[in-house]
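Numbering (our numbering), first residue to last: 4 to 367. Idealized CB from N, CA, C, for every residue including glycine. Treat the numbers as computed from the prediction; the structure is a model and nothing was measured. Worksheet: one structure, shown below.
Below, the structure written as structure tokens:
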């Protein structure tokens, strides 16, 4: 058992090292090399560079351990850019707000940057896996930050991401507040990377009913035309903001353990996240075919997943919490096709009712 555990840990470490190397290669310029320089000279020159760097890294780790121990003793907050781990607990490398590029000057981001940096959450037991850099690729939903919150009305009616700046416990946290934050950040990132996002399904339903996120839903629904351009760039940008974008039937996004507000949202009493059990966002492909129809993922309508192009284009807009978002040209037609003629009548669902990844978006 011990050998298998060691092999597993070695494999995880190799994955983490590989991921770090990829990030370094993406962000670091190559050192200039003399074309006339011989192979052995290159080897020794590279070795001469790497060995001192490795020594500095080891010294830094020792110093970090001393600093961390001192801070824990005196009760001083740890800098959010540091990642700390022991045998019993760990603290993830939380995204640095000052280094995040947001695509609007909304007061939410201003207030977020003006806040005193929050301490990173402390993960114990099985939650310690959330500190591992390479874990997100294999854990899927389980890498999502464990979050609990309220889905009731009227408390969570018109819930807004601004509420997250003052939340103190799960009893005062609404799912819809987290969903609103996910909606804006993912939508803006898709726009910024040249993609065409559209509000669909339950999120469109909430916008049409009362201009907000439905308070008793656990997800946000965004469509994208044709395909996500520069998927790697989108995932990387969202990761820097503290989100986890992963493929699970379709592309999905949730709050990662590295989010700047992670310590405020984290519920340590929960197990590792089960499928669909936290606030999350679904991304639905919308293929613009040559037959005059859009093929919309997961749609089960009178023509299957097909919607006439004239019902989708030109795009219209809806507002959610006072902010405009693009959607299909005829929201009434789309919602009738998706949910039937009585779509304006709410059908609440409980937190325990989660849909399979193979099913279409359920009525909300």
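Residue environment analysis places residue 102 among the exposed positions, since fewer than 16 neighbouring C-beta atoms fall within 10 angstroms of its C-beta.
When rounded, the separation of the alpha-carbon atoms in residue 213 and residue 307 is 28 Å.
Beta-bridge annotation (DSSP): residue 253 is paired with 251.
Membership of residue 322 in any alpha helix (DSSP H) is not indicated; the residue belongs instead to the beta strand (DSSP E) covering 319-323. Distance from the CA of residue 274 to the CA of residue 364, rounded to the nearest whole angstrom, comes to 25 Å. At a Cβ-Cβ threshold of 8 Å, residue 226 and residue 299 count as neighbours. Excluding the 5 residues flanking it on each side, residue 206 has same chain C-beta neighbours closer than 6 Å at 223, 224, in chain order. Fewer than three Cβ pairs drawn from the stretch 104-114 and the stretch 245-255 lie within less than 8 Å of each other, which leaves the two stretches out of contact.
Per DSSP, residue 191 is one residue of the alpha helix (DSSP H) stretching across 178-195.
With a 10 Å radius around the Cβ and a threshold of 16 neighbouring Cβ atoms, residue 91 comes out exposed. C-alpha of residue 235 to C-alpha of residue 195: approximately 14 Å in a straight line. In the DSSP assignment, residue 341 falls within the unbroken alpha helix (DSSP H) covering 334-342. Of the other Cβ atoms in all chains shown, 16 or more fall within 10 Å of the Cβ of residue 245; this residue is therefore buried. A straight line joining the alpha-carbon of residue 342 with that of residue 203 spans about 12 Å.
The three-state secondary structure of residue 158, taken from DSSP, is coil.
For the set 216, 149, 120, the Cα lying nearest the Cα of residue 161 is the one of 216. Sorting 330, 199, 122, 278 by C-alpha distance to the C-alpha of residue 232 places 199 at the top. In terms of CA proximity to residue 318, 201 leads the group 201, 270, 346.
The Cβ neighbour count for residue 285, taken over all protein chains shown within 10 Å, is at least 16; the residue is labelled buried. A residue is called buried once 16 or more other Cβ atoms fall within 10 Å of its Cβ, and residue 98 is buried on that count. Taking a cut-off of 8 Å on C-beta distances, the stretch 166-174 does not touch the stretch 276-285, as fewer than three cross pairs fall below it.
In this chain, the beta strand (DSSP E) harbouring residue 299 covers 296-299.
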